[in-house]
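Chains as they are written, first to last, in full-length UniProt numbering: chain R, 1 to 339; chain F, 1 to 339; chain Z, 1 to 339; chain C, 1 to 339. For glycine and all other residues, C-beta sits at the position ideal for the given N, C-alpha and C. Structure, as structure tokens:
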């Protein structure tokens with residue numbers, strides 16, 4: 001390959017700064033050329049020590065900076081649609097953090113814009129597809145020895161939720177990961193969603209419906225149930241068990257170091273998704289850099305981003321009405337048909 | 001104590017014969033005095049080698065046999081109501097296999113008969129209450145360090161179902177165990193049931209809705225979800241995770257022997273509840289014999305048997321209608337109020 | 001069978017009282033007829049509530065009590081030789097707690113006495129042979145799919161040692177279990193022992209060499225290494241891994257209940273062998289009662305008791321001299337040849 | 001930082017080619033400038049697709065290639081001493097694969113040369129120090145809550161050994177990892193080694209003494225036992241349990257995906273150290289590149305390489321003589337004293 005891929009990073013918050021560090025030091029093959037953030041201090045802080053990287057306040061200016069060959073979008077979700085369309089207009093490959101676009105209407109506009117373009121430029125940051133354990137699970141399921149999947153039991157727990165987290169965001173922001181993972185593992189589309197609400201935990205902020213229990217039905221007749229609990233207090237836990245016709249496979253049992261003392265065996269639970277999925281983020285960005293340098297687009301597509309948005313929307317409706325909610329999807333453009 | 005408790009066993013099928021063996025050889029403090037089964041050959045086979053035990057064809061004759069001080073009912077469910085009432089009429093302590101009585105109407109009659117009697121004679125055979133791991137789980141939950149229970153995730157799998165097993169029996173016969181275990185662990189009563197139906201497994205007999213996914217709501221605001229899969233093909237698995245305000249506790253990870261060979265670590269999964277719960281059955285019968293010899297009645301009550309029946313009935317309604325079904329319970333007689 | 005087996009229990013200490021309770025209430029088929037202990041108060045306490053059981057101070061008086069058909073020896077080790085010979089003289093079947101006899105010379109006298117008798121009467125209480133996990137391990141090894149055993153890695157830890165426990169007793173009393181288990185699992189005899197001494201733990205009493213690391217070589221070329229640590233402070237742990245030609249098998253990973261809270265997954269470690277091996281003791285005594293009522297003798301033999309004593313003796317020599325010590329065994333009498 | 005570190009890679013075999021790929025694509029901050037291998041075809045193959053990298057046959061020519069700022073030595077062990085001295089002569093920082101130098105005499109010459117230089121240039125490739133689980137274990141041990149380490153139980157198994165692998169190489173090449181890991185975890189130096197030899201496995205090549213059981217004694221009174229079994233047939237397994245004064249900690253229980261089917265729960269065992277330690281290699285090289293760009297030398301030192309060689313030498317002596325062999329170490333130069 002040789003030349004390093006010149007990348008503009010949009011957004012210099014927690015996630016954007018982490019990606020700048022990753023592109024500069026952890027992942028080979030790329031260099032950060034420009035970082036844009038409306039807050040100039042944050043942009044400057046992100047490029048400190050990164051040779052040849054420019055700090056800017058305007059996303060479009062960053063896309064137009066000399067040497068930019070690709071874009072990594074890590075700005076807040078509301079800025080994603082404009083940034084994606086600007087990248088499409090310039091023919092720049094994009095890695096866009098999830099959610100691709102909040103709300104299915106905007107997500108559909110992105111899908112239609114890319115479909116008009118006639119070629120894929122966008123990869124969406126569903127990093128679980130790059131996690132070793134998820135990849136193993138998919139490979140076992142695809143291998144066929146267990147037969148078809150009948151149910152997926154999922155657990156998704158955070159120690160605590162950030163300020164301003166709403167009951168709808170448990171679905172839009174958190175369960176979105178399970179929605180994408182389920183589609184990817186099963187090769188099926190969501191058909192309906194129900195949301196059950198146990199008594200809220202006193203550990204959650206006043207008024208937040210936490211935990212929730214989400215049940216997804218797919219067009220292939222599979223059930224996906226998800227415990228989402230964003231103030232569980234005890235650790236970050238992601239588990240997934242696929243119950244199949246001939247057996248089951250599960251990931252997420254705490255591995256690692258077992259310490260025996262004072263009458264118990266203890267194993268650590270990670271406190272944070274950046275710990276649990278650190279390697280998945282590295283692999284995701286590495287895979288994107290490698291593919292982009294070869295002129296390819298792989299990974300989750302804008303269509304995947306759209307379906308996640310539309311399904312989460314149906315989930316929020318189910319949460320609010322207390323009834324089962326059907327998922328309505330636009331027709332899938334030919335660009336996104338499986339090869 | 002001294003004298004051995006004289007027991008009449010009703011029913012000499014698989015379970016009855018097993019209990020005869022248990023009372024004769026495994027559990028101390030009791031002796032089998034009479035075994036009744038409509039099939040004389042089965043009754044004879046069960047008492048073969050059991051000194052002093054008589055084989056009979058009539059349940060009432062067994063209750064009236066000389067030396068009978070207590071009754072163990074292991075006949076088919078339809079015979080339970082008459083047997084329980086006959087035991088009550090004679091003032092005999094009873095251990096009755098589950099289901100106490102099929103159908104909530106008959107179960108309520110038993111409750112009312114015992115309430116009229118004014119003292120407890122019946123213990124119902126929910127043997128999970130006697131399993132070491134369940135007992136540990138209850139003790140951890142009661143200890144209070146994890147706060148209140150918000151959700152119970154349960155898995156209940158059998159290798160294959162016996163001939164004639166119907167879609168309703170997945171709830172009435174199998175999920176009945178989780179219904180009782182949930183009530184016992186939570187100290188709450190069921191309020192509503194929903195049943196979701198993934199695509200049936202091709203491993204299940206034609207027409208059987210297997211697996212099912214049952215969601216129970218309690219009057220205390222907890223959710224209990226149960227995967228019931230009676231033709232899973234791979235083993236007998238019972239798991240239960242309690243998700244609480246401050247942490248979680250789960251039982252049922254396969255323990256035992258780990259064999260590493262040919263690139264895998266393998267652990268055995270038991271094939272049968274008689275293997276998984278062998279010790280629980282022994283403990284249950286031992287506890288019953290011990291308590292009975294001391295003139296006490298402990299363990300699950302006729303009220304517990306009735307609530308399990310009424311909840312299962314609501315579950316079957318939910319399965320048939322595809323909607324959430326409310327659980328209606330008769331008022332609880334004073335006899336069954338917690339001390 | 002019918003009639004209950006009349007048993008005399010010698011010794012009413014911790015273990016003896018536990019066996020009285022077991023024979024009376026937990027295990028079917030037997031009744032305690034007499035209990036002998038030099039301390040009359042202990043003997044009385046042990047028979048309290050056991051109908052028909054007599055408290056005595058003399059072992060021989062207990063053997064001669066009316067109704068005695070079998071003997072369970074749970075007195076201190078020094079009293080075992082006389083008790084065994086007295087039982088042999090009366091033709092009474094015996095279950096003798098380990099150590100059969102402390103010291104190989106006395107153990108050999110017991111072997112010779114039983115050999116002269118020409119029939120087996122004694123079973124030695126190596127209860128691990130009755131533990132479910134050990135039995136599974138033996139069955140996997142005997143099955144042959146893993147090939148022959150090359151090494152056994154054993155761990156044996158106690159929370160703390162009783163008063164008066166000496167450095168030699170780590171081998172004689174504790175490692176004795178691994179010596180017997182290894183012989184039973186491998187079907188090979190010990191050939192040599194070495195004892196390595198890491199720095200003693202400050203948690204052990206002054207002067208006690210604890211932990212020790214014992215390496216046993218068998219006449220079949222297998223190595224057995226044993227960590228013995230009787231003041232480990234954290235729990236009672238027994239693990240055993242068999243490394244074979246084609247794979248390995250291990251037991252002893254803590255199963256049971258996993259509690260997740262405050263950033264860790266915790267599983268309990270039992271604090272005591274009476275907890276860990278409770279079921280094994282029950283099974284052992286039940287198997288002895290069953291076999292005895294059928295006129296049979298099964299389980300570990302006096303020869304097994306003798307070899308354990310002779311090997312432990314070599315181990316203590318190795319501990320004291322710091323060198324490898326050869327195990328010398330007397331010729332095996334025909335009575336003990338495998339069928 | 002900015003400019004990419006120019007690296008010369010010596011050796012283009014399996015490991016060398018893997019490092020070229022790692023520096024080019026997986027790890028940021030470096031670029032491969034030259035690759036030297038006596039076999040021109042191998043050198044050419046390694047640089048194919050690596051822009052700006054030159055293929056050479058002479059190690060010294062590679063060190064002198066324009067743009068070379070650091071050296072990664074992955075040639076066969078016999079070439080290491082000359083390569084290290086050549087790098088020292090040029091003042092180039094080095095990452096040298098293990099063994100640093102085969103044999104303690106040559107290793108000591110490297111130590112003395114670097115000591116004369118008066119500053120550290122060499123880091124030795126003991127990659128376990130960069131493994132997440134080992135790092136966690138060290139952090140728990142250093143934290144002090146478990147007290148001091150009394151014993152380390154280690155297991156090191158390979159599926160099969162490469163052609164030409166000798167009985168001595170089980171210690172020199174394989175146990176060398178445990179020797180370094182034990183020194184690093186304990187902060188103590190080896191004092192003596194014993195090697196026990198169970199019956200060789202029929203799965204090992206004729207004449208190879210495999211498995212072996214190595215016991216290391218440290219100058220701090222700790223025992224380190226290592227099962228090394230390089231033809232175990234079933235998988236690549238590395239386990240380590242530290243037994244401490246107040247508890248124990250162990251790593252290496254197979255985590256990952258659990259598949260339940262046909263009566264067993266199965267978890268995969270990796271087949272290869274490149275799978276098990278893939279992340280550790282990445283982290284090691286990344287840490288080296290980062291430190292070197294900052295003008296620092298961290299990680300295992302030439303002294304660590306020397307002690308591993310001297311201890312392995314004592315181990316081979318113990319294997320050959322069948323007796324305990326003392327480890328003799330030269331005085332440690334001030335350059336290697338802990339800060």
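Can you tell which of 73/C, 60/C, 201/C and 281/C has its C-alpha closest to the C-alpha of residue 159/C?
To locate residue 159/C, count along the fourth chain from 1; it is residue 159. Ranking 73/C, 60/C, 201/C and 281/C by CA distance to the CA of residue 159/C puts 201/C first.
Going along the chain, which residues of its own chain have a beta-carbon closer than 6 Å to the beta-carbon of residue 146/F, five neighbours each way excluded?
The residue labelled residue 146/F in the question sits at position 146 within the second chain. Closer than 6 Å at Cβ, skipping near neighbours: 244, 246 and 247.
Cut-off 8 Å between Cβ atoms - residues of its own chain near residue 2/Z, not counting five sequence neighbours on either side
Numbered from 1 along the third chain, position 2 holds the residue referred to as residue 2/Z. Because the pLDDT of residue 2/Z is 46, which lies under 50, any placement of that residue in the model is unreliable, and the number read from its coordinates should be weighed accordingly. Result list for residue 2/Z: empty, nothing under 8 Å.
Helix, strand or coil at residue 32/R according to DSSP, with G and I counted as helix:
One-based indexing of the first chain puts residue 32/R at position 32. Assigned with DSSP and collapsed to three states, residue 32/R falls in strand.
Taking the continuous beta strand (DSSP E) assigned at residue 212/F, which residues delimit it?
Here residue 212/F refers to the residue found at position 212 of the second chain. It spans 212-218 - the beta strand (DSSP E) in which residue 212/F sits, taken as one unbroken run.
Going along the chain, which residues of its own chain have a beta-carbon closer than 6 Å to the beta-carbon of residue 140/R, five neighbours each way excluded?
Counting from one through the first chain, the residue named residue 140/R turns up at place 140. Excluding residues within five positions, the ones whose Cβ falls inside 6 Å are 249.
With distance defined between alpha-carbon atoms, name the residue in 65/Z, 11/Z, 25/Z and 313/Z nearest to residue 44/Z.
Sequence index remark: in the third chain, residue 44/Z carries index 44 (1-based). Each of 65/Z, 11/Z, 25/Z and 313/Z was checked against the Cα of residue 44/Z, and the nearest Cα belongs to 11/Z.
Hey, which unbroken runs of the alpha helix (DSSP H) at 4 residues or more fall wholly within the segment 169-243 of chain F?
Correct list: 176-186.
Whole-angstrom Cβ separation of residue 122/R and residue 97/R, contact assumed at under 8 Å?
Numbered from its first residue, the first chain carries residue 122/R at position 122. Numbered from its first residue, the first chain carries residue 97/R at position 97. No, residue 122/R and residue 97/R are not in contact; Cβ-Cβ is about 11 Å, not under 8 Å.
Tell me whether residue 206/R is buried or exposed, calling it buried when 16 or more other Cβ atoms sit within 10 Å of its Cβ.
Your numbering for residue 206/R matches position 206 in the first chain. The residue in question, residue 206/R, is exposed, as its Cβ has fewer than 16 Cβ neighbours within 10 Å.
Are the segment 105-125 of chain R and the segment 164-176 of chain R touching by the rule of at least three beta carbon pairs closer than 8 Å?
Verdict: no, contact absent.
To the nearest whole angstrom, what separates the beta carbons of residue 198/Z and residue 327/Z, a pair I think is in contact under 8 Å?
For the purposes of this step, residue 198/Z is identified with residue 198 of the third chain, where counting begins at 1. For the purposes of this step, residue 327/Z is identified with residue 327 of the third chain, where counting begins at 1. The Cβ separation is near 23 Å, so there is no contact.
Counting only beta-carbon separations shorter than 8 Å, does residue 272/Z have a partner in chain C?
Position 272 of the third chain, counting from 1, holds the residue named residue 272/Z. It does not; no Cβ of chain C falls within 8 Å.
Pop quiz: residue 209/C and residue 215/C are said to be a contact at Cβ under 8 Å. What is the actual Cβ separation, rounded to whole angstroms?
As a working note, residue 209/C is residue 209 in the fourth chain. As a working note, residue 215/C is residue 215 in the fourth chain. Rounded, the Cβ-Cβ distance is 15 Å, inconsistent with contact.
Just by C-beta distance, which residues in the segment 188-218 of chain C are closer than 7 Å to chain Z?
If the cut-off is 7 Å between Cβ atoms, the segment 188-218 of chain C has 196, 198, 199, 201, 202, 203, 211, 213 and 215 near chain Z.
Indicate whether residue 286/F and residue 94/F have their beta-carbon atoms separated by less than 8 Å.
As a first step, residue 286/F must be located in the second chain, where it is residue number 286. As a first step, residue 94/F must be located in the second chain, where it is residue number 94. At the C-beta level, residue 286/F and residue 94/F stay beyond 8 Å of one another.
Determine the DSSP secondary structure at residue 157/F, reduced to helix, strand or coil.
Locating residue 157/F in the second chain gives position 157, where the first residue counts as 1. In the structure shown, residue 157/F adopts extended strand secondary structure according to DSSP, grouped into three states.
Of all the residues that make up the segment 219-239 of chain C, which are near chain Z by a beta-carbon distance shorter than 8 Å?
The residues in question are 220, 221, 222, 223, 225, 227, 229, 232, 233 and 234.
6 Å Cβ shell around residue 102/F - same chain, five flanking residues per side excluded
Counting from 1 along the second chain, the entry for residue 102/F is found at position 102. Excluding positions up to five away in sequence, the list reads 77.
Can you tell me which of 185/F, 51/F, 229/F and 56/F puts its alpha carbon nearest to the alpha carbon of residue 143/F?
In the second chain, residue 143/F corresponds to position 143, counting from 1. Cα-wise, what sits closest to residue 143/F is 185/F.
Contacts around residue 57/R, its chain only, beta-carbon distance under 6 Å, and the 5 residues preceding and following it disregarded
Taking the first residue of the first chain as position 1, residue 57/R is located at position 57. Closer than 6 Å at Cβ, skipping near neighbours: 38 and 40.
In the structure shown, what three-state DSSP assignment does residue 127/Z receive?
For the purposes of this step, residue 127/Z is taken as the residue at position 127 of the third chain. Annotated three-state conformation of residue 127/Z is helix, per DSSP.
Candidates 299/Z, 329/Z and 292/Z: closest to residue 5/Z by CA position
Numbered from its first residue, the third chain carries residue 5/Z at position 5. Distances from the CA of residue 5/Z to each of 299/Z, 329/Z and 292/Z were compared; the closest alpha carbon is that of 292/Z.
Quick one: using the 10 Å Cβ neighbour count with 16 as the cut-off for buried, is residue 49/Z buried or exposed?
Taking the third chain and counting its residues from 1, the one referred to as residue 49/Z is at position 49. By the 10 Å Cβ count, residue 49/Z comes out exposed.
Contact with chain F by residue 328/Z, beta-carbon distance below 8 Å
For this step, residue 328/Z is matched to residue 328 along the third chain. For residue 328/Z, the answer is no, since every Cβ of chain F falls outside 8 Å of its Cβ.
Can you pull out the residues from the segment 23-45 of chain R whose beta carbon lies closer than 7 Å to at least one beta carbon of chain C?
For chain C, the residues of the segment 23-45 of chain R that bring a beta carbon within less than 7 Å of one of its beta carbons are 24, 25, 26, 27, 28 and 29, in chain order.
Local Cβ density within 10 Å of residue 322/F, reported as buried at 16 or more and exposed below that:
Looking up residue 322/F in the second chain gives position 322. Under this definition residue 322/F is an exposed residue.
When the Cα atoms are used, what is the spatial distance from residue 352/C to residue 233/R?
Absent from the model: residue 352/C. The displayed extent of chain C is 1 to 339, so no value can be given.
Report the partner residues of residue 97/Z according to the DSSP bridge assignment.
Along the third chain, one-based indexing puts residue 97/Z at 97. Bridge partners of residue 97/Z according to DSSP: 125/Z.
Rounded separation between residue 230/R and residue 240/Z - CA only
Locating residue 230/R in the first chain gives position 230, where the first residue counts as 1. Locating residue 240/Z in the third chain gives position 240, where the first residue counts as 1. C-alpha separation (whole angstroms): 41 Å.
From which residue to which residue does the beta strand (DSSP E) around residue 301/F run?
For the purposes of this step, residue 301/F is taken as residue 301 along the second chain, with counting starting at 1. Element bounds for residue 301/F: n/a, residue is neither H nor E.
Taking residue 156/C and residue 275/C to be in contact with their CB atoms under 8 Å, please state how far apart those CB atoms are, rounded to whole angstroms.
The sequence position of residue 156/C within the fourth chain is 156, counting from 1. The sequence position of residue 275/C within the fourth chain is 275, counting from 1. Between the beta-carbon of residue 156/C and that of residue 275/C there is about 15 Å, and that puts the pair past the 8 Å contact cut.
Closer than 8 Å to chain R by CB, residue 156/F
As a first step, residue 156/F must be located in the second chain, where it is residue number 156. Judged by the 8 Å Cβ criterion, residue 156/F is not in contact with chain R.
Where do the ends of the beta strand (DSSP E) carrying residue 6/R lie?
Your numbering for residue 6/R matches position 6 in the first chain. 5-10 is the extent of the beta strand (DSSP E) around residue 6/R.
In this structure, does DSSP put residue 148/F in helix, strand or coil?
Here the question's residue 148/F lines up with position 148 in the second chain. Residue 148/F sits in coil when the DSSP states are folded into three classes, being neither helix nor strand.
Got a sec: is the Cβ-Cβ distance from residue 247/C to anything in chain R below 8 Å?
As a first step, residue 247/C is located in the fourth chain; it is residue number 247 there, counting from the start. Chain R, which has a Cβ nearer than 8 Å to the Cβ of residue 247/C, makes this yes.
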